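Engineer: To start, I am sharing the structure in question, which I have written as structure tokens.
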Amino acid sequence: MNTAATTPTDEHADSHDHEHHDPRLAHHFDSHQQQFDTGKLGIWLFLVTEVLFFSGLFGFYAVYRSLHPEVFLYASQFLDTVLGAANTIVLLFSSLTMAWGVRCAQLGQTKGLLTCLVITLACAAIFLGVKSFEYTEKAHHGLLWAGMYQSPEHHEAAAVPAAAGAVESGDHGAAHADDHSDDALFEKTKHTLSYMTTVLWAVILLSGIGLAALFKNPNQKTMAAVLGCVLISAIGLQLGAYASIGYHHFGHAAEPTAQEIEMAETVPAEYAKQKEKIPEPKLAGTFFSVYFCMTGLHAIHIIGGMIAISWLIVRTVHGAFTTYYFGAVDFIGLYWHLVDLIWIYLFPLLYLIN
Amino acid sequence: MATVVDSSDPKSNYPIQYRELNYLNCSKGWKSWFFTLDHKRIGIMYLMGVTVSFFLGGLFAMLLRTELLSPAKILMGPDTYNQMFTLHGAIMTFLVIIPGVPAAIGNIILPVMLGAKDVAFPRMNLGSFYLWMFGATFFLAALVIGGLDTGWTFYTPYSVRENNASIIAALLGVFVLGFSSIFTGLNFIVTIHTMRPPGMTWFKMPLFLWALYATALIQILATPVLGITGLLLIVENVFRIGIFDPSLGGDPVLFQHFFWFYSHPAVYVMILPAMGVISEVIAVHSRKHIFGYRFIAYSSIAIAIFGFLVWGHHMFVSGQSKVVAVIFSAITFSVSIPSAIKVFNWLTTMYKGSIRFTTAMCYGLSFLFIFAIGGLTGLFLATLATDVHLHDTYFVVAHFHYVMMGSSLMGLFAAVHHWWPKISGKMFSEFWGRIACLGVFLGFNLTFFPQFMLGTRGMPRRYYTYLPEFQELHVLSSMGAYLLGISSALMVATLVYSIYRGKKAPANPWGGASLEWQCSSPPPHNNFDHPPLAGDPYVMESVVYNEEIGGFVPAECQGDNNGSGTAAGEKEV
Chain Z
1461 MNTAATTPTD EHADSHDHEH HDPRLAHHFD SHQQQFDTGK LGIWLFLVTE VLFFSGLFGF
1521 YAVYRSLHPE VFLYASQFLD TVLGAANTIV LLFSSLTMAW GVRCAQLGQT KGLLTCLVIT
1581 LACAAIFLGV KSFEYTEKAH HGLLWAGMYQ SPEHHEAAAV PAAAGAVESG DHGAAHADDH
1641 SDDALFEKTK HTLSYMTTVL WAVILLSGIG LAALFKNPNQ KTMAAVLGCV LISAIGLQLG
1701 AYASIGYHHF GHAAEPTAQE IEMAETVPAE YAKQKEKIPE PKLAGTFFSV YFCMTGLHAI
1761 HIIGGMIAIS WLIVRTVHGA FTTYYFGAVD FIGLYWHLVD LIWIYLFPLL YLIN
Chain E
342 MATVVDSSDP KSNYPIQYRE LNYLNCSKGW KSWFFTLDHK RIGIMYLMGV TVSFFLGGLF
402 AMLLRTELLS PAKILMGPDT YNQMFTLHGA IMTFLVIIPG VPAAIGNIIL PVMLGAKDVA
462 FPRMNLGSFY LWMFGATFFL AALVIGGLDT GWTFYTPYSV RENNASIIAA LLGVFVLGFS
522 SIFTGLNFIV TIHTMRPPGM TWFKMPLFLW ALYATALIQI LATPVLGITG LLLIVENVFR
582 IGIFDPSLGG DPVLFQHFFW FYSHPAVYVM ILPAMGVISE VIAVHSRKHI FGYRFIAYSS
642 IAIAIFGFLV WGHHMFVSGQ SKVVAVIFSA ITFSVSIPSA IKVFNWLTTM YKGSIRFTTA
702 MCYGLSFLFI FAIGGLTGLF LATLATDVHL HDTYFVVAHF HYVMMGSSLM GLFAAVHHWW
762 PKISGKMFSE FWGRIACLGV FLGFNLTFFP QFMLGTRGMP RRYYTYLPEF QELHVLSSMG
822 AYLLGISSAL MVATLVYSIY RGKKAPANPW GGASLEWQCS SPPPHNNFDH PPLAGDPYVM
882 ESVVYNEEIG GFVPAECQGD NNGSGTAAGE KEV
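If you read the sequences in order, they're chains Z and E.
According to our numbering, the first sequence is numbered sequentially starting from 1461.
According to our numbering, the second sequence is numbered sequentially starting from 342.
Structure follows, in structure tokens:
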């Protein structure tokens, strides 16, 4: 009984008490069906409020993009489409495992449910790992919200004339200078991220040891499940961060040298000059305000979802869900799909401009 | 059943009238209140919180009015004055009127009216109350930190600047209170959808439920936008993201759009539940079936929908295109249609009814009077040409006090008096109740009617001082404010006194036919052991007055006392 559990006296736990003893049915509902329908309507309404919550940001996006299209054209080139696409795939996959988990819960397959939830949690963590790399990199390039924005001109200023000079002189050394300055920023990014990864290694180690110690202890199921969730999240974050560092490392080494230098060699010098003249729009930082607000709020929702999924994992370990009581999995699943859906909108709106 | 049942009823076949063991005393200790999941106790806690906030906000109002007794400085300097009207507005809006009827009265009455044991999500309900407390704490923090002088509207660029801790605190308060409001609304919608008793179809719901449903729709659809707007304004203050701040390329008018997209519908969050209360009060205290049930129900929904389409009328002089202004003006005029439908239906309900001037009815009639003035003066402001003249004058202040403060609070007071016997199990003194009502009514009109005149003569709002020719009207207005304050205190005193010295209330003192009157006063912890069968909530003939009980009993009990079934379903004596 909900009420009896929280109110200290049980004098009031009266007549309707003998009607049902099922702890899975709250006292004010007549049937499991009513309880489920209530929760379902509740979560759908909650999702409506979530959509409206984000609608404010989409409203901003629409207003500013229509007022300053050049800002969006100019600034979105600094977002890494490959990382964004990878994250999209990760989230889509997590939605699949979440839906699969709901199915498992409906069929009473506890092991299947647990597996699906664990994979979903790991995917969410990978997403955040990649995102933390992207944020760190943006920070080191000075590509922050309007109040903190530093024009990328300050390091391109050195690079672009140098590239133009490279065309004239045929010297590849100048192009390397460009690489070098970018490399330095990349090294800084890696350095900053190394703090995070070190902490994560410690978390992985500690929670791994804890999980191993508690794994077989039937009295410590909750603790073991919580540690397991921490472990999975830390591994996922680590994976995401390392994967994006690795991608950036290789992608960085291969792409600019092959393509950009070739471009610098083949296009006429006027083009290089013209490119230099394309002015940075005045409010370029606004794009990054929008970017950080939208993806930041989305990331907060991912973290919320991870907490909710961890809670589901703990309850699953306790065998809370049955074929007639799986509402919580279903509802959190719906929430997770919404978080996924919002990203599906964010990705093209922010990364795929032009 | 282990409960001790005390019925003032001499004959066993009447429904239980009064219970010694009820929701108020079924469990004891502060924990049984602070961690309660019982909607009635949560509602009581809301009611207490709202009352405290009301007197805090009222105190600020009276200090402001005292300052305005003369154009010179009396109590405070201009900066303090700015902070005080900001806090007055913010507290009264976010802590009093918005949660007043829905969260406090609605929480107590809605499930009982539905014959349900609780709202759909009791834990969320408690969480929503604590969010309210939490939000209120942020407002108190803003008050302590000082320096919040943006007006309750938080317009940029006033609200974006250095040294802004109190602005951030207040915005966090608004953000948190928004979620409190959302959760209450969500709970109500789900409860009404899934937990109606057998026999209660949509069009057999009491109109108060329709009003709460329409209110909850607005809470759910509009409040998230306020949430994100507040959040972005906080982020703007902390990180300088340049979205609202013009010095970084942001658009301050965009903030106004976002703010009013919520805050205009929020006006209907304030008035719709009060209208629902009036539908109940007028019908019950006129002992007559409500006139035009469907029209009143639909007009609640219509007002909720229109409410979303008129936010631009706050910005006629903020620089929006003329076409947009004309459209907003036209839609604003349309809001008067469903509002007028309601008023006409209430009047027609009273026609040839047997009207009793109980305290609740007196507040109900005050509502009709005040709402009529408030609604009609809205048309002056919706007219583009006159609005340019009246914008930001005392005319606007008077108008929105007539609808928001006058009407909403009259609704709240009517609700409190109407359901007080049900909530507390005690009858209050009708004499003092009516005296207080008269004082509130006269005090209110004396405060705000002069402000219409001040406004038309050009007295701008939010000004610390004024030209000497305005002084007479300002003094009148201040006198009214004092009368209003004293009368409100008298009202609360009357009610509190009744808790200790009042007569025990019968189950149905006024003769209402909706389900909450079938439950004993005060209701037991679970309201109803079995969902009662619901009929038409406005067939007043279904209950008749019983001298011995001092209240109304189902008609079928009165005639023959041989134990025929009652509709109450509670006959365990």
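For glycine and all other residues, C-beta sits at the position ideal for the given N, C-alpha and C.
Predicted model, so just to flag it, every value in this text is computed and none were measured.
Strictly below 9 Å CB to CB, what residues from chain Z border E:G568?
Structural biologist: To locate residue 568 of chain E, count along the second sequence from 1; it is residue 227. Correct list: T1509, L1512, F1513 and G1516.
Engineer: Among E:A483, E:N867 and E:A726, which one has its Cα closest to the Cα of E:P657?
Structural biologist: Walking along the second sequence from the start, residue 657 of chain E turns up at place 316. The displayed chain sequence assigns Phe, not Pro, to residue 657 of chain E. Ranking E:A483, E:N867 and E:A726 by Cα distance to E:F657 puts E:A726 first.
Engineer: Reducing DSSP to helix, strand and coil, say where E:G892 ends up.
Structural biologist: One-based indexing of the second sequence puts residue 892 of chain E at position 551. If DSSP states are grouped into helix, strand and coil, E:G892 belongs with the strands.
Engineer: Just reading off the alpha helix (DSSP H) that Z:Y1751 is part of, what are its end residues?
Structural biologist: The count along the first sequence starts at 1 and reaches residue 1751 of chain Z at position 291. From DSSP, the alpha helix (DSSP H) with Z:Y1751 extends over A1744 to V1777.
Engineer: Is E:G694 near E:R775, with beta carbons less than 8 Å apart?
Structural biologist: Within the second sequence, numbered from 1, the residue matching residue 694 of chain E stands at position 353. Within the second sequence, numbered from 1, the residue matching residue 775 of chain E stands at position 434. No, the Cβ-Cβ distance between E:G694 and E:R775 is not below 8 Å.
Engineer: Give the DSSP-derived three-state secondary structure of Z:K1650 in the structure shown.
Structural biologist: Taking the first sequence and counting its residues from 1, one reaches residue 1650 of chain Z at position 190. If DSSP states are grouped into helix, strand and coil, Z:K1650 belongs with the helices.
Engineer: Label E:R464 either buried or exposed according to how many other C-beta atoms from any shown protein chain fall within 10 Å of its C-beta, with 16 as the threshold for buried.
Structural biologist: For the purposes of this step, residue 464 of chain E is identified with residue 123 of the second sequence, where counting begins at 1. E:R464 should be labelled exposed.
Engineer: From the DSSP output, which residues share a beta bridge with Z:Y1785?
Structural biologist: Locating residue 1785 of chain Z in the first sequence gives position 325, where the first residue counts as 1. Answer by DSSP bridge pairing, in chain order: Z:T1782.
Engineer: Taking its Cβ as the centre, do 16 or more other Cβ atoms sit within 10 Å of Z:I1804, making it buried, or is it exposed?
Structural biologist: For the purposes of this step, residue 1804 of chain Z is taken as residue 344 along the first sequence, with counting starting at 1. Exposed, since its Cβ has fewer than 16 Cβ neighbours within 10 Å.
Engineer: Mind listing the chain Z neighbours of E:R581? Cutoff is C-beta to C-beta under 8 Å, in chain order.
Structural biologist: Within the second sequence, the letter at position 240 stands for residue 581 of chain E. Going along chain Z in sequence order, the residues near E:R581 (Cβ under 8 Å) are W1605, A1606, G1607 and M1608.
Engineer: Compare the C-beta of E:K381 with all C-beta atoms of chain Z and state if any pair is closer than 8 Å.
Structural biologist: Taking the first residue of the second sequence as 1, we reach residue 381 of chain E at position 40. Closer than 8 Å: no.
Engineer: Closer than 9 Å between beta carbons: that is the criterion. Which residues of the segment 443-463 of chain E meet it against chain Z?
Structural biologist: Per Cβ criterion, the list reads P452, A457, K458, D459, V460, A461, F462 and P463.
Engineer: Determine the burial state of E:L416: buried for a count of at least 16 other Cβ atoms within 10 Å of its Cβ, exposed for fewer.
Structural biologist: For the purposes of this step, residue 416 of chain E is taken as the residue at position 75 of the second sequence. Looking at its Cβ environment, which holds fewer than 16 other Cβ atoms inside 10 Å, E:L416 is exposed.
Engineer: Is the shortest distance between the beta-carbon of Z:Q1823 and the beta-carbons of chain E less than 8 Å?
Structural biologist: Residue 1823 of chain Z lies beyond the range of chain Z shown here (1461 to 1814); nothing can be said about it.
Engineer: Give the residues of chain E in contact with Z:S1749, contact being defined as C-beta atoms less than 8 Å apart.
Structural biologist: Numbered from its first residue, the first sequence carries residue 1749 of chain Z at position 289. Within chain E, the residues near Z:S1749 are I582, G583 and I584.
Engineer: Tell me whether E:T535 sits in a helix, a strand or coil according to DSSP, three-state version.
Structural biologist: Numbered from its first residue, the second sequence carries residue 535 of chain E at position 194. Note: E:T535 maps to helix in three-state DSSP.
Engineer: For E:M768, list the residues DSSP reports as bridge partners.
Structural biologist: Stepping through the second sequence from its first residue, residue 768 of chain E is reached at position 427. E:M768 is bridged to E:K844.
Engineer: Per the contact definition of three or more C-beta pairs closer than 8 Å, is the segment 737-748 of chain E in contact with the segment 373-387 of chain E?
Structural biologist: These segments do not touch.
Engineer: Just tell me which of Z:M1683, Z:A1672 and Z:L1699 has its CA closest to the CA of Z:T1658.
Structural biologist: As a working note, residue 1658 of chain Z is residue 198 in the first sequence. That would be Z:L1699, whose Cα lies nearest to the Cα of Z:T1658.
Engineer: To which residues does DSSP link E:P801 through a beta bridge?
Structural biologist: Walking along the second sequence from the start, residue 801 of chain E turns up at place 460. Per DSSP, E:T734.
Engineer: If contact means a Cβ-Cβ distance below 9 Å, which residues of the segment 527-549 of chain E contact chain Z?
Structural biologist: Going along the segment 527-549 of chain E in chain order, one finds L527, N528, I530, V531, T532, H534, T535 and M536 with a Cβ nearer than 9 Å to chain Z.
Engineer: Kindly list the residues whose CB is nearer than 7 Å to the CB of Z:A1701, restricted to its own chain and excluding five residues on each side of it in sequence; keep chain order.
Structural biologist: Counting from one through the first sequence, the residue named residue 1701 of chain Z turns up at place 241. Closer than 7 Å at Cβ, skipping near neighbours: G1589, S1592, F1593, L1653, M1656 and T1657.
Engineer: If we ignore side chains and look at the alpha-carbon of each, how far apart do Z:F1807 and E:V667 end up?
Structural biologist: Position 347 of the first sequence holds residue 1807 of chain Z. Position 326 of the second sequence holds residue 667 of chain E. So the alpha carbons of these two residues sit roughly 38 Å apart.
Engineer: Using three-state DSSP, classify E:S695 as helix, strand or coil.
Structural biologist: The sequence position of residue 695 of chain E within the second sequence is 354, counting from 1. The answer is coil: DSSP assigns E:S695 none of H, G, I, E or B.
Engineer: Can you tell which of E:K845, E:W551, E:I508 and E:G514 has the C-alpha that lies nearest to the C-alpha of E:P762?
Structural biologist: Your numbering for residue 762 of chain E matches position 421 in the second sequence. Checked all of E:K845, E:W551, E:I508 and E:G514; the closest Cα to E:P762 is E:K845.
Engineer: From Z:I1813 to E:A557, what does the alpha carbon distance come to, in whole angstroms?
Structural biologist: Here residue 1813 of chain Z refers to the residue found at position 353 when the first sequence is read from its first residue. Here residue 557 of chain E refers to the residue found at position 216 when the second sequence is read from its first residue. For Z:I1813 and E:A557, the distance between alpha carbons rounds to 39 Å.
Engineer: Grab me the residues of E:F782's own chain with a C-beta within less than 7 Å of its C-beta, minus the 5 sequence neighbours each way, in chain order.
Structural biologist: Taking the second sequence and counting its residues from 1, the one referred to as residue 782 of chain E is at position 441. If we look at E:F782 and ignore the five residues flanking it on each side, its Cβ neighbours are S707.
Engineer: Could you pull the start and end residues of the beta strand (DSSP E) that E:N868 belongs to?
Structural biologist: Within the second sequence, the letter at position 527 stands for residue 868 of chain E. Counting along the chain, E:N868 falls outside any beta strand (DSSP E), and DSSP gives it neither H nor E.
Engineer: I'd like to check one pair, E:L814 with E:P539: are the Cβ atoms closer than 8 Å?
Structural biologist: As a working mapping, residue 539 of chain E is identified with position 198 in the second sequence. As a working mapping, residue 814 of chain E is identified with position 473 in the second sequence. Contact: no.
Engineer: Starting from E:Y634, follow the beta strand (DSSP E) in both directions and report where the run begins and ends.
Structural biologist: As a position in the second sequence, residue 634 of chain E is number 293, starting the count at 1. No beta strand (DSSP E) contains E:Y634, which is instead part of the alpha helix (DSSP H) from Y634 to G648.
Engineer: Give a yes or no on contact between the segment 569-581 of chain E and the segment 617-627 of chain E, applying the rule of three or more CB pairs nearer than 8 Å.
Structural biologist: Touching, no.
Engineer: Measure the C-alpha to C-alpha separation of Z:A1617 and Z:S1611 and round it to an integer number of angstroms.
Structural biologist: The residue labelled residue 1617 of chain Z in the question sits at position 157 within the first sequence. The residue labelled residue 1611 of chain Z in the question sits at position 151 within the first sequence. Low confidence applies to Z:A1617: its pLDDT is 49, below 50, so where it sits in the model is not reliable enough to give any reading.
Engineer: Would you decide whether E:R842 is buried or exposed? Buried here means 16 or more other CB atoms lie within 10 Å of its CB.
Structural biologist: As a first step, residue 842 of chain E must be located in the second sequence, where it is residue number 501. Answer is exposed; the Cβ neighbour count stays below 16.
Engineer: Less than 8 Å separating the beta-carbons of E:G784 and E:L824?
Structural biologist: Reading the second sequence from its first residue, position 443 is the one you call residue 784 of chain E. Reading the second sequence from its first residue, position 483 is the one you call residue 824 of chain E. In this structure, E:L824 lies closer than 8 Å to E:G784 by Cβ.
Engineer: Residues in the same chain with beta-carbon distance under 7 Å from E:I827, minus the five sequence neighbours each way, listed in chain order, please.
Structural biologist: Your numbering for residue 827 of chain E matches position 486 in the second sequence. Around E:I827: G780.
Engineer: Which residue wins for smallest C-alpha separation from E:G719, given the options E:V894, E:S748, E:F674 and E:V610?
Structural biologist: Taking the first residue of the second sequence as position 1, residue 719 of chain E is located at position 378. Checking every option, the nearest Cα to that of E:G719 belongs to E:F674.
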